[in-house]
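Residues 5 to 119 in my numbering are what the sequence shown spells out, letter by letter.
Below is one structure, written out as structure tokens; the observations come after it.
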Amino acid sequence: MAQEEIALPSGSTVTYHDFIWGEPGPAGLTIRFRFLDPELHGRKDAEGVIDATEDTQYLCEFFALERIASTGPQPKQIVISISDRPVEFGEPDPDVTQIFEAYSYRDGTCIWEMF
Numbered sequence: 005m006a007q008e009e010i011a012l013p014s015g016s017t018v019t020y021h022d023f024i025w026g027e028p029g030p031a032g033l034t035i036r037f038r039f040l041d042p043e044l045h046g047r048k049d050a051e052g053v054i055d056a057t058e059d060t061q062y063l064c065e066f067f068a069l070e071r072i073a074s075t076g077p078q079p080k081q082i083v084i085s086i087s088d089r090p091v092e093f094g095e096p097d098p099d100v101t102q103i104f105e106a107y108s109y110r111d112g113t114c115i116w117e118m119f
């Protein structure tokens with residue numbers, strides 16, 4: 005079954021891949037939401053940088069927050085990642101283009117953290 009495309013503020017689209025719950029992060033309980041964008045590599049600028057901060061903020065606020073339970077343990081951190089193809093969690097793959105952004109989860113909001 006094909007995943008629904010999610011339109012991003014940049015004009016790109018991603019599909020939801022999965023989420024990882026139960027792998028601790030540096031801030032404590034962390035939920036990771038992973039997305040796929042096969043065209044991610046093409047978003048690099050002349051210096052090889054992909055600026056997707058607006059897109060990851062959007063995914064945190066309008067996708068992740070809706071999926072965090074209001075009861076039970078609450079995460080301290082939400083990580084949004086986008087890759088050009090699926091990759092096993094925790095397994096390095098130098099051929100995969102990936103970006104990650106971390107957000108503190110406080111008072112039901114996403115607060116961007118610089119890595």
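Backbone N, C-alpha and C fix where the C-beta goes; we use that ideal spot for every residue, glycine too.
Legend entry - contact_flag[the segment 18-32, the segment 71-87] where n(CB pairs < 8 Å) is 3 or more: yes
Inset, instruction - Specify the secondary structure class of Arg47 as computed by DSSP and reduced to three states. - result: helix
Inset, instruction - For my contact list, Asp88 and Thr101 are in at a C-beta cut-off of 8 Å; report their separation, rounded to the angstrom. - result: 4 Å
Inset, instruction - Would you mind sorting Phe93 into buried or exposed? The rule is 16 or more other CB atoms within 10 Å of its CB. - result: exposed
Inset, instruction - Could you name the residues of the same chain whose beta carbon sits closer than 8 Å to that of Cys114, not counting the 5 residues immediately before and after it, in chain order? - result: Gln61, Cys64, Glu65, Ala68, Leu69, Ile82, Tyr107, Ser108
Legend entry - Residues sharing a beta bridge with Leu40, DSSP: Thr19, Ser87
Legend entry - Supposed contact pair Phe39 and Ser85 - C-beta distance, whole angstroms, cut 8 Å: 7 Å
Legend entry - Nearest candidate by alpha-carbon position, reference Ala56, set Ser14, Trp116, Tyr20, Gln7: Ser14
Inset, instruction - Answer with yes or no whether the minimum CB distance from Asp22 to chain C is below 7 Å. - result: The question asks about chain C, but that chain is absent: this structure has only one protein chain.
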